[in-house]
Structures are given as structure tokens and as C-alpha cells.
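Protein chains in written order, with my numbering: chain A, 1 to 343; chain B, 344 to 686. Positions of the beta carbon are idealized from the N, C-alpha and C atoms, including for glycine. This structure is a prediction, so every number in the text was calculated from the model and none was measured. A short write-up of the structure that comes next.
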């Protein structure tokens, strides 16, 4: 039985504060590329791994009720990925299938079939898209905007972290719905992308706005109907001052808060009452059932180039730590993907 | 034409910090008890006035977009009240009708018919109930719990300011739905009311709990499905740590924050994501249309004594300032009503 090298990205210890590359290490273990006797698991060759902000939450030492998904120091990170089935002990999968779902940050993984979420049926797109526009971020943008946000034509939509994996799609989906869309991002390059590549009506660099309330009033003189929340903290506080009556705030993430020992306090929540706002947290895992409907919606738009997708590709597991860490300084432009192997 | 005395409660100046009795004054003006020629207004004799926490918001100097309902220094307060029609220039009302809606804090008021919300049809209850269980607080509790909170039998419900005008009803409505209900209040007397009068399953005095998170964990070891939010601030922060997956937070008020120049920051909002919580502000004014349905629901329960209502009655306009101010120190036990005249 062939024993092969299995390079891994290991969490060294629980992370506090901003994650550093040195919080992780690359180790070379070995793996036997053969399922154990009578196993109903699936042996995967990992191709593309998804770098996502929520991973920071799973790197923290658990307090109170432990999250079963929290990473274990000494073990590889776990996340969404695109993989090829090498051998399957489960009837749903067979050798050669391409799948996406939860896998480990390593070259080869032995996983329970329950960790695989979907078989990849449409291969006329870059496979990496299944970590992004055709994967978790795609459904997240779709469900968050349409199921939670309920946009109507002509409404005003604000998206934070707007050039990111989810934000760029939220903005484009909202434009397709006939909304006025403005996004915020952290560099001029990203703001240019919003306007010139993704078709947003406007955008601003939040790092260059001393007064976020004023920036929002400039872009939304009549207020915001939907705020797609990716960042939390000061941005949320400024948005609350600018929401319209019966506005909606789908809460997808709060990346500005994940590295803080003490979260920034949000002071303007009473505006939820004054404006009768619905603020609603959600997660992709509640919307798995929408995946077929989502593909029906999004595939034609991609084929007709009515929706574009920008990825930031890092090559090789050894660049994984830098890719994850970069999410929190905003180094990535577009969806951060890590290539383990291309086939 | 009879000119009569018209005692009024006037706002002296915009209020900052906790309101004081001296922020208001009692003045004696006069009024002619006759509608002006060709007027389509309605002349009211005010009977019962409602003292409500939201009034504090209207006492503040407007910042940014002015709220058209903000009180005008030198003019009487405006609020919900029960009144008798003395003369009507509008075909919907006639002399002798009892009505409830917006009126001024004075003995007699000339109002636009649009300020009257409902004619009182059921008079086999104390008329003061139309400032409470049969008025704005009743519909607020009903709509907030059922329309926004969507309770299911067996769910865990937490109510803050639980012995107040709205809270006591939310708890009783939730018990009728088959929920487990715990409330918080600010004195032992009020907590006793929750358990012994309103039939809550439990209650605690938040002023005697050094650790609100621990208090909630004691009462809700399995977490909270619905938090009916009346207070904001630290209570909300502790609740967020104890919400269950897919929990709901109808946001009715944030009384702990209305007197603060700087709002307390709420730090645990990321739990909206982790638990996929829906937090939704609402106001009675969005639910006027539910009033007939609400009466059908609540009237039989009152008649059969399955729901009780506790009021705190202050006598006479001259006691109005103390009654309003008392809301913010929790002096009132149950719904604070001000009697101007009994008929």
C-alpha cells in the first residue's frame, strides 16, 4: 500500500488577538492512500481550500459552551474545500467524483461522508469557484440577501467588506434586483473594483472616512433599506443612524470584531425600534436546501457574464497561514483561495 | 360661551439625563368649550393619560432629523389618553363618545380627528384599561410577542421590565401559549407579582444580581428562545450569551438607555450570527390594524380572569410630572396611569 507524503497546516495553539503566520505550522505527515477495511469513509485528494473569516472564531480558546467545530491545537485546520474522491466506502460517492464540503488543510483527507456537502456536477467553471461563487459564499450571499434581506426594486443597499467573497456577490445580486448599491472596502483598488468591475453605484474606502456617518449620508441621502453586515463595530453603529423605516440588516459576519479581546460596543441599537428594523443573523448551514435553486439562479448569470467573480489565489499549502492571516489585514483582493493541487 | 380653566402639564425645556419633576410645570390656561365655526376638529375632555417610557425620547432636544412628535418646550406633553367627546366637527365622532388615541396633557383638548385612534365600544372594563391592556401597551405586547416573536408551545421566554405595562401582558400571553416564562424587574415586590399574580414560572430582581449572565443561566439552563426586550444595555448583552439557535428578540423598548448621554455599548452582537437570531424593532403604530383581532383575543381572557392587569394610578394633572419621572426610577408598580377626571 502506497504511503505518501501528506503536508498539513496545523494550528499550533489557540489564537488570541490578530492571528499570525506563526500560530500555524506546516508539517509533513504520511498517509496510506487506501481506505481501511470495511470503512464507510471517503478518501479525498484536496484541490482548493477556502480561506474564510469565520475560521478565526474556531481558532480561539473556547469559553463557556464549547463549539464542536473549534480547532484542536496540533491538528490541521478544517474548512470548506474542493476535493477529488480517490476511494469511497460510501455509496453516494465513487472514485473520480469532484465534491465540495468540509475537509482538512492537508493534501489528502479521510473524511466521513457527512462532511461532503455536494457533488460537483457543473465543471465548465474554474473548480475554485466551488469555494466561492458556487460554494458557501455564493449561497451565503444569495440566502442572506434574498431570504433574509428581502430586497425590492429601487431599494437602497449598503454592503460592507464589499469586494470580499460574499460582498461582491451581494452587490451584484442586488443590482440584478434593481437596487441602488454602495459598498465599503479598505483600499482604493477595492473601491475601484466595486464601481468598475462589479457594477456598484458607489463605494468608499472606510479607512479614509473620518466620519462614517457622514460618508453614509453622502451616499445615502435618503437612507439605507438593507445593510448587508459583514464587519460589525463602528460601521454598524454608523449604519444604524442611517437606516430607513422597516429596514433589514442580514448579519453575515463581524470581521472587525473577531480579533478583539473586548468587542466594540454598539451604541445605536435603539434605532432598531425607531425605524422598526429587522436585524437577523444567519449561516450558510441553514440554507443547504437552497443550493439547487441557487445554482439555477446563478449559473446562467455567470455564463452570460452578467455576474463576475474575483478571486485571490494563493499557491500551495505552505502559503496557507499567510492567506488566512491576510484576511484580517484585508490583504486579499476578492475571494481568498488556496490551491493545494489543480487536479 | 363658557370659558373654563384648562390645567396643563408643560415641558419647560428639553431634557438631558434623567427627567426631573422640575423639567415640567403645571400651568392654568383657559379654553372655550365650543368648537370654532366650521371646524372639523374634535373637542375632548381628557379622563386618563398614559405615562410611557417612550415619552422621554420626545423630551430630548432633537439631533439630526427632527422627529415630528418631539415635544415643544412651552407646550403641553402629548401622549396616549382616554377622552370623552364634548363636541365634534367630524362625522366619525359625536358628543358623549368615549375614545382613545393621542391627546394633550391638559383637562380639555382640541384635536384633529386623526389623533383619535379608536372609539371605545366595550365599557364593562375600567376606562383606564384603554391606556393599558386595552390600549397601546396591550397591542404592543400582543403584536410584539405573536407577530414578531412567533412563540411556540414549550419555548423559553424571557421578559425584562416584566411587571410593567407591556411586560406583565407579554408574560401572561406567553403562558397562555404554553411557554416557560421568566421575567426580570427591579424590586422584590415586583418579582413577587410576576410569580404570584401574573403566573410567571420565575423571576429575578436584576438589581440584586451581580452577574446577569449567571442569573439567566440559572433560570434558563437550556437557553432562551424569545427575549422580549424592554430595557437594552447590560441585560441585552447578557441575554445574547444565553439565546438558543434561531431565537427571536422583539425589541419593544430600551428604557435603561433613554437617559444616558452616551449609550452603553452592546458587545455580544456576534451571537446574532452564531445562533442565527432575529432581532426586530417594532412599534404599536405598525399594528393599528390588529386592534379588532386583539380585542377578540383579549376581552374573553379578561372576562374569564385568565389575564389580570395591574395599574399604578396617580391622581390629578399636578401629579403628572412625578408619575412620568417615576417610570425611570421604577417607582411605579404596573402600568402608570394618570387620572385627569373619572367621567
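Shown here is that no member of the segment 457-468 of chain B has a Cβ falling below 7 Å from a Cβ of chain A. By the Cβ test, the segment 127-141 of chain A is in contact with the segment 280-290 of chain A, since at least three Cβ pairs between them sit closer than 8 Å. For the pair residue 576 of chain B and residue 600 of chain B, the CB atoms are nearer than the 8 Å cut-off. Judged by their CB atoms, residue 228 of chain A and residue 298 of chain A are not nearer to each other than the 8 Å cut-off.
Checking the DSSP bridge columns, you'll see residue 97 of chain A has no partner listed. The segment 490-500 of chain B makes no contact with the segment 670-686 of chain B, as fewer than three CB pairs between them are under 8 Å.
The DSSP-derived three-state label of residue 346 of chain B is strand. In this structure, DSSP gives residue 55 of chain A a helical state, which the three-state scheme calls helix. Within the DSSP secondary-structure output, residue 511 of chain B pairs in no beta bridge. Chain A places no beta carbon closer than 8 Å to that of residue 516 of chain B, leaving this residue out of the contacts. Residue environment for residue 511 of chain B: buried (at least 16 other C-beta atoms within 10 angstroms of its C-beta). In the structure shown, the three-state DSSP call for residue 314 of chain A is strand. Residue 139 of chain A sits in a helix when the DSSP states are folded into three classes. Our two residues, residue 224 of chain A and residue 373 of chain B, have alpha carbons roughly 46 Å apart in a direct line. A Cβ of chain A is located within less than 8 Å of the beta carbon of residue 615 of chain B.
Between residue 100 of chain A and residue 120 of chain A, the C-beta gap is smaller than 8 Å, which places the two residues in contact. Distance from the Cα of residue 358 of chain B is smallest, within the candidate group B/434, B/417 and B/375, for B/417. The Cβ neighbour count for residue 516 of chain B, taken over all protein chains shown within 10 Å, is at least 16; the residue is labelled buried. Between residue 273 of chain A and residue 402 of chain B, the CB-CB gap reaches or exceeds 8 Å.
Counting only runs of at least 3 residues, the segment 237-323 of chain A fully encloses the following beta strand (DSSP E) elements, listed from N- to C-terminal order: 243-251, 278-281 and 311-315. Around the C-beta of residue 53 of chain A, 16 or more other C-beta atoms lie within 10 Å, and the residue is accordingly described as buried. Between residue 45 of chain A and residue 84 of chain A, the C-beta gap is smaller than 8 Å, which places the two residues in contact. Comparing alpha carbon positions, the residue from B/386, B/371 and B/382 closest to residue 419 of chain B is B/371.
In the same chain as residue 579 of chain B, and ignoring 5 residues on each side of it, the C-beta atoms closer than 7 Å to its own belong to 572 and 609, in chain order.
Around the CB of residue 246 of chain A, fewer than 16 other CB atoms lie within 10 Å, so the residue is classed as exposed.
The beta carbon of residue 215 of chain A sits closer than 6 Å to the beta carbons of 204 and 209 from its chain, once the five residues preceding and following it are set aside; these are given in chain order. Residues of the segment 276-302 of chain A that bring their beta carbon within less than 8 Å of a beta carbon in chain B comprise 276, 277, 278, 279, 280, 281, 282, 283 and 286, in sequence order. A Cβ-Cβ separation of about 46 Å leaves residue 499 of chain B out of contact with residue 450 of chain B under the 8 Å criterion.
Here residue 276 of chain A has 245 and 246 as same chain residues with Cβ atoms under 7 Å from its own Cβ, once five neighbours each way along the sequence are excluded. Distance from the Cα of residue 25 of chain A is smallest, within the candidate group A/342, A/2, A/336 and A/321, for A/321. Around the beta carbon of residue 62 of chain A, a 10 Å sphere encloses fewer than 16 other beta carbons of the protein chains shown; the residue is thus reported as exposed. With contacts defined by Cβ atoms closer than 8 Å, residue 680 of chain B and residue 507 of chain B do not form a contacting pair.
Within chain B, not a single residue places a beta-carbon under 8 Å from that of residue 78 of chain A; the smallest gap is close to 17 Å.
Excluding residues up to 5 positions away in sequence, 503, 527, 528, 529, 555, 558 and 578 lie with their Cβ nearer than 8 Å to the Cβ of residue 549 of chain B in the same chain. Of all residues in the segment 479-506 of chain B, none comes within less than 8 Å of chain A when Cβ atoms are compared. Separation of the CB atoms of residue 11 of chain A and residue 71 of chain A is rounded to 5 Å, and the pair is thereby assigned contact status at 8 Å.
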